[in-house]
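Numbering (my numbering), first residue to last: 529 to 730. Below: the structure, in structure tokens.
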């Protein structure tokens, strides 16, 4: 016959065993979901990088075309060239998407956007350049690429928000750190892109 103390101990052991099994099961399910969400973020980050790389690849041809315009502002060209070089030096792999790194990456790319915006604005003062078929094609491609960048950045923010929300929620937050799943950064609204460049044609 089982004594009362023994029965009490048995129940406690059973409770601990069941609790451990449930906890391990939850952590396993949580890990799988966090891993899936992390893969989605990584895949979308690749799309973001491809869009920025597409823009970067267009810049040399644009610069060479603009150089053919008589007396075109050298400072404007220099700004674009230097901004592109700086942005190219700031590369992030899919496992480096911390808020700090995303901010640094965005700041470098924003300088490219600002430089291109000024270059295209200054080109308004050069009728021959505006009439150049190659320039027109490059301008259209760059504008299309800028739109694609905005779309891919928004998609990145969406999947990252889903990932961060899941990682922060209980009980997933108990295991996220153990499994190496950390909070990721977002793209912020680009103030430089929203502000029209100031150009003096005098």
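Glycine residues also receive a C-beta, built at the ideal position from the N, C-alpha and C atoms.
**OP:** Taking residue 682 as the reference, give the member of 652, 714, 654, 582 with the closest Cα.
**Re:** As a first step, residue 682 is located in the chain shown; it is residue number 154 there, counting from the start. Per the C-alpha coordinates, the member of 652, 714, 654, 582 positioned closest to residue 682 is 714.
Original post:
Helix, strand or coil: which one does DSSP assign to residue 737?
Top reply: The structure shown does not extend to residue 737, since the chain spans only 529 to 730, so no value can be given for it.
Subject >> C-alpha distance - residue 611 paired with residue 620, whole-angstrom precision >> reply: Position 83 of the chain shown, counted from the first residue, corresponds to residue 611. Position 92 of the chain shown, counted from the first residue, corresponds to residue 620. Taking the CA atoms as reference points, residue 611 sits about 17 Å from residue 620.
Subject >> residue 629, enclosing alpha helix (DSSP H) - first and last residue >> reply: In the chain shown, the residue the question calls residue 629 occupies position 101. First-last of the alpha helix (DSSP H) with residue 629: 627-650.
Original post:
Going by beta carbon distance, what residues of the same chain come within less than 8 Å of residue 529, once the five residues before and after it are set aside?
Top reply: Indexing the chain shown from 1 puts residue 529 at position 1. Because the pLDDT of residue 529 is 46, which lies under 50, any placement of that residue in the model is unreliable, and the number read from its coordinates should be weighed accordingly. Cβ neighbours of residue 529 beyond the five flanking positions: none.
Original post:
What are the boundary residues of the alpha helix (DSSP H) that includes residue 655?
Top reply: What you label residue 655 is simply residue 127 of the chain shown in a count that begins at 1. Annotation for residue 655: the continuous alpha helix (DSSP H) segment containing it runs 655-659.
**OP:** Express the C-alpha separation of residue 694 and residue 700 in angstroms, rounding to a whole number.
**Re:** Locating residue 700 in the chain shown gives position 172, counting from the first residue. Locating residue 694 in the chain shown gives position 166, counting from the first residue. Between residue 700 and residue 694, the C-alpha separation is close to 7 Å.
**OP:** Determine the direct distance from the alpha carbon of residue 560 to that of residue 552, and round the result to whole angstroms.
**Re:** Sequence index remark: in the chain shown, residue 552 carries index 24 (1-based). Sequence index remark: in the chain shown, residue 560 carries index 32 (1-based). At residue 552, the pLDDT of 49 sits below 50, so the modelled position is not reliable; the number obtained from the coordinates is stated separately. Using only the alpha carbons, I get a separation of about 12 Å.
**OP:** With a floor of 3 residues, list each beta strand (DSSP E) that falls wholly inside the stretch 690-722, ordered by position along the chain.
**Re:** The DSSP assignment places no complete run of the beta strand (DSSP E) inside the stretch 690-722 (cut-off: 3 residues).
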